[in-house]
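Engineer: Take a look at the following structure, please.
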Amino acid sequence: MLSRVADSLYWMTRYLERAEHTARLIDVNLTLMLDESPLSADRRWQRVLSGLGNPPDFEWTGDADALANLITFDASNHSSIRSCIISARENARQVREQISSEQWQQLNRLYHEVTRSYTEDPAGAQPSEFLQAVITGTHLFQGVTDSTMNHGEGWRFIQLGRYLERASATLILLSVYTQEFWSQSDLTMEGNEYLEWIGLLRSCTAFEAYRKVYTNDVNPERILEFLLLNEENPHAVRHAIDCVQQALEAIHGEAGKRRAAPLGRIAGRLQATLQFAQVPEIIGQGVGVYLKEILRQCQEIHTNIYQIYIHYSIETALAG
Amino acid sequence: MTSVGSLNPLDSPAFANYFLDDAYDEMFSSAGAVRPPYAPLIENFLTMSQDELRRRKHSADVSFLNQGITFTVYGRNEGTERIFPHDLLPRLITHAEWAHIEKGLTQRITALNLFLRDIYHEGRILADGLVPREIVFSCKHFRRQMRGFQVPRNVYIAVVGTDLIRLQNGEFVVLEDNLRVPSGVSYMLTSRVVMKRIFPQLFRRCHVRSIEHYSQSLLATLRSLAPEGRPEPTIVVLTPGVFNSAYFEHAYLARQMGIELVEGRDLVTHDNVVYMRTTNGLRRVDVIYRRIDDDFVDPLAFRSESTLGVPGLFNAYRAGNVTLSNALGNGVADDKALYAYVPQIIKYYLGEDPVLNNVETYLLTDRVQRQHVLANLDKLVVKAVGESGGYGMLIGPHSSAEQREDFARQIEADPRNFIAQPTLNFSRAPCMIDDHLEPRHVDLRPYILFGDRVTIVPGGLTRVALRKGSLVVNSSQGGGSKDTWVLNE
Chain A
373 MLSRVADSLY WMTRYLERAE HTARLIDVNL TLMLDESPLS ADRRWQRVLS
423 GLGNPPDFEW TGDADALANL ITFDASNHSS IRSCIISARE NARQVREQIS
473 SEQWQQLNRL YHEVTRSYTE DPAGAQPSEF LQAVITGTHL FQGVTDSTMN
523 HGEGWRFIQL GRYLERASAT LILLSVYTQE FWSQSDLTME GNEYLEWIGL
573 LRSCTAFEAY RKVYTNDVNP ERILEFLLLN EENPHAVRHA IDCVQQALEA
623 IHGEAGKRRA APLGRIAGRL QATLQFAQVP EIIGQGVGVY LKEILRQCQE
673 IHTNIYQIYI HYSIETALAG
Chain B
10 MTSVGSLNPL DSPAFANYFL DDAYDEMFSS AGAVRPPYAP LIENFLTMSQ
60 DELRRRKHSA DVSFLNQGIT FTVYGRNEGT ERIFPHDLLP RLITHAEWAH
110 IEKGLTQRIT ALNLFLRDIY HEGRILADGL VPREIVFSCK HFRRQMRGFQ
160 VPRNVYIAVV GTDLIRLQNG EFVVLEDNLR VPSGVSYMLT SRVVMKRIFP
210 QLFRRCHVRS IEHYSQSLLA TLRSLAPEGR PEPTIVVLTP GVFNSAYFEH
260 AYLARQMGIE LVEGRDLVTH DNVVYMRTTN GLRRVDVIYR RIDDDFVDPL
310 AFRSESTLGV PGLFNAYRAG NVTLSNALGN GVADDKALYA YVPQIIKYYL
360 GEDPVLNNVE TYLLTDRVQR QHVLANLDKL VVKAVGESGG YGMLIGPHSS
410 AEQREDFARQ IEADPRNFIA QPTLNFSRAP CMIDDHLEPR HVDLRPYILF
460 GDRVTIVPGG LTRVALRKGS LVVNSSQGGG SKDTWVLNE
């Protein structure tokens, strides 16, 4: 498969995953805002911005609706939901022949929905109306992808994009929440704090799943365990890394094992780390430090994928 | 005879707006009788209700839309991707007509290929004075970098789309040779797929010859041009990218042939060998069906600011490690001024008279001809030699005095840049305009493949000037297309 094609497929899904994550985060926080005093709004939206990795040009000015609007619609900002979907579609357009017609149609529909609702009425555009449409649209795209595309190399790169983006997003969000709430957590929570932890779970579509495993006992350590180390929760970091590792092994198999050895090592080690880690240990090391290290390893995997499969130098390729 | 067949179809309401004049009508003789090959077609259409017709038309449109059969219009910002307008009524060509066209095109391509080889090597035809040197060397598509270079199998022109029109007397003549990167073949192939689905019975009744083998023949042609010693060549289609007007076609052909569609940035050269970057490392490339203009192929050899091409590609080509198809520098042979000399070129290399004639052409570098043209601008068509797609054209009878003055000035300033031809009343075919049938001008572009042999799939792109009275069939200027059915005996 052409490196450029792999690159486009990878970024197509990364952008979609990012759009979905951002949409859910905004949606959850807009709802939570209704239950709280204006005083805590400051902290909330600062936290949302940190949870998105503090994208440049977005600033909290005291108006939640304005900020939500900006993050949703601002075309001049690369991190807005609208920009993410435009970028995803642009990547798909570059490899139109490599994806199925169903995929293309679904992505196109989503694109038109997002661009149209804004251009028709920029002033009256309401984020809440189609945050749901974005979430549903991206879910549909994933389903269509899995059931209409060959599960070959191209699909594997789609998996890589999806799960690396998801792992990073969950890690950043976890960092922000643990940094803010962990210190004061003596395991008896007040109303607001309880809501915030539920907000975190909701932002990862994990609240229902969490309750099924741990009952409605909301406890930060268990939340950390659930979002970081759970094997079955599709938004847990461990699950995402398992999928990344699976995709990488399939790609190594098709594209030659020897070149991929360093990447196999990094990903394998990360998978094992998450598989055998325990929450008390992590707390012992310091949660913040631990999450940061996992995030760094995710970035290392990304860098290595690019070095080995996409932007390799001609000299190394000719020598190998 | 059915009851419908015994009536004159021109009396039916569908033909209320129809008219016949001295232009050749593809469906009716000048006396108003249906030409025999069209009999089943007209019968079929007249027995269909308006609703039925509308339903089928809609079904065809949806099919084009879903397949993403679009082209890009330059010079507009909004909505640049458009569906190619498609007319439901096929255009028919009889067995005998096609045999004649096939013979003429084969002859023409063979001669033009010999001409290209000659001017990039010995230049015999120039020394013999049949073609003036100025015309060749002043052509902006002449590539001195190609001098003395032996192209594989001496094939310069592997893929051609030649534009034919039909004159009042029914004769097919050549309007233009497209020897660089002709496009449109994907419309021929996809519109056939749609028509077969929409009119299966009619299609069977008419005994239409198949064009299914085009992509296979294209692949075989490209394979036959592979460098020596590469028995299993890797062949790719090189596209300028998604923003090119013909991107759909590039992707379509690559998919049909089962080969990679690459952009310039996918290719690298090393030691005069071309590779493509794959996730599995570098893979050697042997034949490139390039859909990028000469100028942009290699920034080291041609336009240095181009980012579409591949640095070092031209050297690899000259080293014989990769085949570019079509060859570079072909534009000198489809220059509109050189066009006037093609009949002599055929005679010179093959010793034969041309099977397909040219349209009468005035060369504006000649003082006498120029004066005649300038005095008759309102009757003639003037074309810029280097332009295509219907751009840079003056149609005398449809022009304003202002436009004519503008062209007169441009001609005086640079006569080599223009040619003039009589305004041709070329043939018309019935088209569905709203709910009626109306005659519209049509041309014909068959596609010729030239590798170890000449292959012309029986068919082509019939382009329609959909605007009433218009003589311009180009898709960028409001043209549409019809499926072209070449009939078995």
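Just so you know, the sequences run in chain order A and B. For the first sequence, the working numbering begins at 373 and goes up steadily by one. For the second sequence, the working numbering begins at 10 and goes up steadily by one. C-beta atoms are modelled at their ideal positions from N, C-alpha and C, and glycine is treated no differently.
1. Taking the runs of the beta strand (DSSP E) that are 3 residues or longer, which of them lie wholly in the region 165–234 of chain B?
2. Taking any Cβ of chain D, which residues in the region 502–534 of chain A have a Cβ under 9 Å from it, in chain order?
3. Between isoleucine 507 (chain A) and glutamate 501 (chain A), what straight-line distance do the alpha-carbon atoms span, to the nearest angstrom?
4. Let's see if you can read the secondary structure: which residues bound the alpha helix (DSSP H) around lysine 149 (chain B)?
5. For the region 260–273 of chain B, which residues have a beta carbon sitting closer than 9 Å to at least one beta carbon of chain A?
6. If we count Cβ pairs, one from each stretch, closer than 8 Å, do we get three or more for the region 175–191 of chain B versus the region 431–439 of chain B?
7. Work out the CA separation of threonine 199 (chain B) and aspartate 492 (chain B) for me, nearest whole Å.
8. In chain B, what lies closer than 9 Å to glutamate 469 (chain A) by C-beta?
9. Can you name, in chain order, every residue of its own chain whose Cβ lies under 7 Å from the Cβ of arginine 85 (chain B), other than the five neighbours on each side?
10. Any idea if isoleucine 680 (chain A) is buried or exposed, counting beta-carbon neighbours within 10 angstroms, 16 or more meaning buried?
11. Could you tell me whether any Cβ in chain A is nearer than 8 Å to the Cβ of glutamate 87 (chain B)?
12. Specify the secondary structure class of cysteine 576 (chain A) as computed by DSSP and reduced to three states.
13. Using 8 Å as the threshold, is the region 595–609 of chain A in touch with the region 524–544 of chain A, meaning 3 or more CB pairs across them?
14. Since arginine 396 (chain A) and glycine 533 (chain A) are thought to touch, with beta carbons under 8 Å apart, how far apart are those beta carbons, to the nearest angstrom?
15. Who are the Cβ neighbours of asparagine 441 (chain A) in its own chain at under 6 Å, not counting the five residues just before and after it?
16. Return helix, strand or coil for aspartate 492 (chain B), following the three-state DSSP convention.
17. Consult DSSP for methionine 57 (chain B) and reduce its assignment to one of helix, strand or coil.
18. Please specify which runs of the beta strand (DSSP E), each continuous and at least 3 residues long, are wholly inside the region 27–72 of chain B, giving them in chain order.
19. Cα separation between alanine 325 (chain B) and glutamine 265 (chain B)?
20. Quick one: any contact between the region 478–490 of chain A and the region 460–469 of chain A, if contact means 3 or more CB pairs under 8 Å?
21. Where DSSP assigns a beta bridge to glutamate 447 (chain B), which residues make up the other side?
22. Counting C-beta neighbours from all protein chains within 10 Å, is the total for isoleucine 703 (chain A) 16 or more, i.e. buried, or is it exposed?
23. Using a Cβ-Cβ cutoff of less than 6 Å, which residues in the same chain neighbour tyrosine 358 (chain B) once the five nearest sequence positions on both sides are dropped?
24. May I ask you to verify whether the region 93–104 of chain B touches the region 131–143 of chain B, counting CB pairs closer than 8 Å and requiring at least 3?
25. Beta-carbon of isoleucine 666 (chain A) versus every beta-carbon of chain B: anything under 8 Å?
26. Could you give the first and the last residue of the continuous beta strand (DSSP E) run that contains lysine 392 (chain B)?
27. Which same chain residues end up closer than 7 Å to arginine 214 (chain B) when comparing Cβ atoms and leaving out the 5 residues on each side of it in sequence?
28. For the beta strand (DSSP E) containing glutamine 159 (chain B), list its first residue and its last residue.
29. Just the C-alpha distance for aspartate 20 (chain B) and valine 140 (chain B), rounded to the nearest angstrom, thanks.
30. If we cut at 8 Å on Cβ distances, does leucine 472 (chain A) have a partner in chain B?
31. Which residue comes first and which comes last in the beta strand (DSSP E) that contains tyrosine 284 (chain B)?
32. Opposite methionine 402 (chain B) in the DSSP bridges: which residues?
33. Here's the rule: buried if 16 or more other CB atoms are within 10 angstroms of the residue's CB, otherwise exposed. What is alanine 422 (chain B)?
34. For valine 245 (chain B) versus isoleucine 301 (chain B), is the C-beta distance shorter than 8 Å?
35. Tell me, please, which residues DSSP counts as bridged to arginine 472 (chain B).
36. Is the distance from the Cβ of threonine 248 (chain B) to the Cβ of glutamate 269 (chain B) below 8 Å?
Structural biologist: On the basis of the supplied data:
1. Counting only runs of 3 or more, we get 168–175, 181–187.
2. Judged by its chain identifiers, the structure shown contains no chain D, and its protein chains are A and B.
3. Spanning the two alpha carbons is a distance of roughly 11 Å.
4. Neither: lysine 149 (chain B) is in no alpha helix (DSSP H) and is coded neither H nor E.
5. Those residues of the region 260–273 of chain B placed with their C-beta closer than 9 Å to a C-beta in chain A are Ala260, Tyr261, Ala263, Arg264, Glu269, Leu270, Val271, Glu272, ordered along the chain.
6. The region 175–191 of chain B vs the region 431–439 of chain B: in contact.
7. Spanning the two alpha carbons is a distance of roughly 9 Å.
8. In chain order: Ala260, Tyr261, Ala263, Arg264, Leu270.
9. Note on arginine 85 (chain B): pLDDT 39, under 50, position unreliable in the model; the coordinate value appears next. Same-chain partners within the cutoff: there are none.
10. With 16 or more other Cβ atoms inside 10 Å of its own Cβ, isoleucine 680 (chain A) counts as buried.
11. Reliability fails at glutamate 87 (chain B), whose pLDDT of 36 lies under 50, so the model's placement of it is uncertain and no value is given.
12. Coil.
13. Cβ pair count under 8 Å is three or more, so yes.
14. Their Cβ separation, rounded to whole angstroms, is 18 Å, which puts arginine 396 (chain A) and glycine 533 (chain A) out of contact at 8 Å.
15. Excluding sequence neighbours, asparagine 441 (chain A) sits near Pro499.
16. DSSP places aspartate 492 (chain B) in strand when its eight states are reduced to three.
17. DSSP places methionine 57 (chain B) in coil when its eight states are reduced to three.
18. Counting whole runs of 3 or more residues, the region 27–72 of chain B contains no beta strand (DSSP E) stretch at all.
19. Per the coordinates, the alpha-carbon of alanine 325 (chain B) lies some 27 Å from the alpha-carbon of glutamine 265 (chain B).
20. Three or more pairs of CB atoms, one per stretch, sit closer than 8 Å, so the region 478–490 of chain A contacts the region 460–469 of chain A.
21. Per DSSP, B:Cys440.
22. With chain A represented from 373 up to 692, any question about residue 703 (chain A) goes unanswered, as that position is not in the structure.
23. So the list reads Ala120, Leu123, once near-sequence residues are dropped.
24. Flag = no, the region 93–104 of chain B and the region 131–143 of chain B do not touch.
25. Under the 8 Å criterion on CB atoms, isoleucine 666 (chain A) is classed as non-interfacial with respect to chain B.
26. 389–393 is the extent of the beta strand (DSSP E) around lysine 392 (chain B).
27. Within the same chain, Cβ atoms closer than 7 Å to the Cβ of arginine 214 (chain B) are found at Pro49, the five residues on either side in sequence being excluded.
28. Where glutamine 159 (chain B) is concerned, there is no enclosing beta strand (DSSP E), given that its DSSP letter is neither H nor E.
29. Those two C-alpha atoms are separated by around 53 Å.
30. Just to set this straight, residue 472 (chain A) is serine in the shown sequence, not leucine. Serine 472 (chain A) is outside the set of residues whose beta carbon lies under 8 Å from a beta carbon in chain B.
31. 282–287 is the extent of the beta strand (DSSP E) around tyrosine 284 (chain B).
32. Bridge partners of methionine 402 (chain B): B:Lys392.
33. Result: exposed.
34. No, they are not a contact pair.
35. Looking at the DSSP output, arginine 472 (chain B) sits in a beta bridge with B:Ser490.
36. No.
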